[in-house]
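Everything below concerns the one structure shown next.
Protein chains: 2
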Amino acid sequence: MKIAVIGVGNVGGVIAPRWAQAGHEISLGVRDPQADKVRAVIEACGGRAQATSVGEAAAGAEVVVLATPFPATRDAVAACGDLAGKTVIDCTNPLTADLRGLSVGFDDSGAEQVAAWAAGASVVKALSITGAGNMADPAYADGAASMFICGDDDAAKAVAGELCGAFGFDIVDCGPLSSARLLEPLALLWISLAYKWGNGADIAFRLMRR
Amino acid sequence: MKIAVIGVGNVGGVIAPRWAQAGHEISLGVRDPQADKVRAVIEACGGRAQATSVGEAAAGAEVVVLATPFPATRDAVAACGDLAGKTVIDCTNPLTADLRGLSVGFDDSGAEQVAAWAAGASVVKALSITGAGNMADPAYADGAASMFICGDDDAAKAVAGELCGAFGFDIVDCGPLSSARLLEPLALLWISLAYKWGNGADIAFRLMRR
Chain A
26 MKIAVIGVGN VGGVIAPRWA QAGHEISLGV RDPQADKVRA VIEACGGRAQ
76 ATSVGEAAAG AEVVVLATPF PATRDAVAAC GDLAGKTVID CTNPLTADLR
126 GLSVGFDDSG AEQVAAWAAG ASVVKALSIT GAGNMADPAY ADGAASMFIC
176 GDDDAAKAVA GELCGAFGFD IVDCGPLSSA RLLEPLALLW ISLAYKWGNG
226 ADIAFRLMRR
Chain B
26 MKIAVIGVGN VGGVIAPRWA QAGHEISLGV RDPQADKVRA VIEACGGRAQ
76 ATSVGEAAAG AEVVVLATPF PATRDAVAAC GDLAGKTVID CTNPLTADLR
126 GLSVGFDDSG AEQVAAWAAG ASVVKALSIT GAGNMADPAY ADGAASMFIC
176 GDDDAAKAVA GELCGAFGFD IVDCGPLSSA RLLEPLALLW ISLAYKWGNG
226 ADIAFRLMRR
């Protein structure tokens, strides 16, 4: 698949090389294609990636992955241009600046705002509820870390599930996009457990089944 | 310990017998001590339980466990009388009537409201994020189900952790009581996964560690 990864922070820097290694064609949508961290990610992609503007990356892709800080996400979506008919994977979380809370409440979610901004796109919330280290390696002794995803378009959700499953995650379908109201707090719980309550980032949620 | 369990629904009906079997002295705080379901729970407690009014049950207990529907919780707390100095375990969730949402948002939680109602008590949020079946048996093939708990009083949290640990749960300390803002959405996620998105109730969250 042709995948545009918008943003090369912790998350973008892990998922782009993994998908490149799986044979997908990656365009990194960035402000400065010459920046050191962008070149490092391209190198990690082993030649199966290029860096370009956000608009060009999105225009040429079937799947657009938002791996931006939430406050930058609205502008990033606008820079993507026309997203109608594309699958958009929203990895962002509407955290407050101090990372202690969420800026969007139970009657809305960051993902639903993204969907409103990305008119006509099929938005899936995914790769949001755990750390980048778990995206690099979701295998634990007890089993695979779960990736909770949600979205209103089943076909787009299947694509996102396949792309996350390729990392080794156990995919858990959490229904419609409005379930992001539950997944965004779960992301903040992971962040708080890892960085605030002393567990470190080598922790992951798993949905067990009897 | 002397434990008052307020409410004998799904949750109260499971935890009271388990604690009774573990040697604790249980008082069921109920409206009608003669009701069939109350007598069934007492029988399951094997003689180590009595049923009485909410006020009497709470008055004689060191630990008061709120296992009420959230809309009935404020009245239940009032009926408990003076809770100052007691450990209160809040198992409730502020679900909307259709079980599709939460009635309290990210700037507050049901647990914090309970703490405001239960003046002077040390409230711990616990036994809220999973189903009663998992309280009866938290052992899964992958490991023990996790019980995420939070509270502002470390001593009370230790008591709650011990009481939940006795069920076989893996206890995960989620910091202060305000973390209930994250655990209450987690409860709704479990409920939705179980009953709305087709997984059934034989599912449980586990926090894995590398």
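Chains as they are written, first to last, in my numbering: chain A, 26 to 235; chain B, 26 to 235. Backbone N, C-alpha and C fix where the C-beta goes; we use that ideal spot for every residue, glycine too.
Return helix, strand or coil for residue i, following the three-state DSSP convention.
i               : result
S203 of chain A : helix
I174 of chain A : strand
R235 of chain B : coil
S128 of chain B : coil
S217 of chain B : helix
I33 of chain B  : Per the sequence shown, residue 33 of chain B should be read as Val rather than Ile. Coil, per DSSP.
L211 of chain B : helix
G186 of chain B : helix
W222 of chain B : coil
C70 of chain A  : coil
A104 of chain A : helix
Q46 of chain B  : helix
P58 of chain A  : coil
P94 of chain B  : coil
Starting from residue i, follow its DSSP beta bridges and name the residues at the other end.
i               : result
F194 of chain A : In DSSP, F194 of chain A forms no bridge with anything.
A76 of chain B  : B:L53
Y165 of chain A : A:G168
L89 of chain A  : In the sequence as presented, Leu is not what sits at residue 89 of chain A; that position holds Val. Paired residue(s): A:A29 and A:V113.
I228 of chain A : B:R234
For residue i and residue j, what's the separation of their Cα atoms in angstroms?
i               : j               : result
A226 of chain A : Y165 of chain A : 13 Å
G190 of chain B : I196 of chain B : 6 Å
P163 of chain A : L53 of chain B  : 44 Å
K1 of chain B   : P210 of chain A : Any question about residue 1 of chain B goes unanswered here, given that chain B covers just 26 to 235.
G48 of chain B  : L108 of chain B : 23 Å
V63 of chain B  : F95 of chain B  : 20 Å
E81 of chain A  : D57 of chain A  : 13 Å
G135 of chain A : A97 of chain A  : 12 Å
I228 of chain B : G126 of chain B : 20 Å
V148 of chain A : A183 of chain A : 12 Å
M26 of chain B  : A69 of chain B  : 18 Å
R206 of chain A : L213 of chain B : 10 Å
G106 of chain A : W215 of chain B : 37 Å
A74 of chain A  : V33 of chain A  : 12 Å
Q59 of chain B  : I28 of chain B  : 20 Å
Q285 of chain B : F192 of chain B : Any question about residue 285 of chain B goes unanswered here, given that chain B covers just 26 to 235.
A83 of chain B  : P201 of chain A : 42 Å
G223 of chain B : F131 of chain B : 27 Å
A138 of chain B : S128 of chain B : In the sequence as displayed, the identity of residue 138 of chain B is Gln instead of Ala. Each residue's alpha carbon lies about 12 Å from the other.
V79 of chain A  : I114 of chain A : 15 Å
N159 of chain B : G85 of chain A  : 48 Å
P119 of chain B : V55 of chain B  : 20 Å
F173 of chain B : F230 of chain B : 9 Å
C199 of chain A : A169 of chain A : 17 Å
T121 of chain A : K221 of chain A : 15 Å
D178 of chain A : A103 of chain B : 46 Å
A181 of chain B : K150 of chain B : 10 Å
V36 of chain A  : G186 of chain B : 34 Å
I51 of chain A  : P42 of chain A  : 8 Å
C248 of chain B : A144 of chain B : Here chain B has residues from 26 to 235 only, and residue 248 of chain B is not among them.
D123 of chain B : A65 of chain A  : 50 Å
A146 of chain A : E87 of chain A  : 11 Å
T93 of chain A  : L188 of chain A : 18 Å
T155 of chain A : D167 of chain A : 16 Å
F194 of chain A : D133 of chain B : 32 Å
R234 of chain A : R235 of chain B : 20 Å
Note down, in chain order, every chain E residue with its Cβ under 7 Å from the Cβ of residue i.
i               : result
G126 of chain A : Annotation note: the requested chain E is absent from the structure, which comprises protein chains A and B.
For the putative contact between residue i and residue j, defined by C-beta atoms under 8 Å, what is the C-beta separation to the nearest angstrom?
i               : j               : result
A101 of chain B : L91 of chain B  : 6 Å
L232 of chain A : S171 of chain A : 5 Å
A157 of chain B : V39 of chain B  : 5 Å
S217 of chain A : S217 of chain B : Their Cβ separation, rounded to whole angstroms, is 22 Å, which puts S217 of chain A and S217 of chain B out of contact at 8 Å.
W44 of chain A  : R99 of chain A  : Incorrect: roughly 25 Å between the Cβ atoms, too far for contact.
> In the stretch 111-158 of chain B, which residue ranges form an unbroken beta strand (DSSP E) of at least 3 residues, counting only runs that do not cross its ends?
Replying inline: Inside the stretch 111-158 of chain B, DSSP marks whole beta strand (DSSP E) runs of 3 or more residues at positions 112-115 and 147-150, from first to last along the chain.
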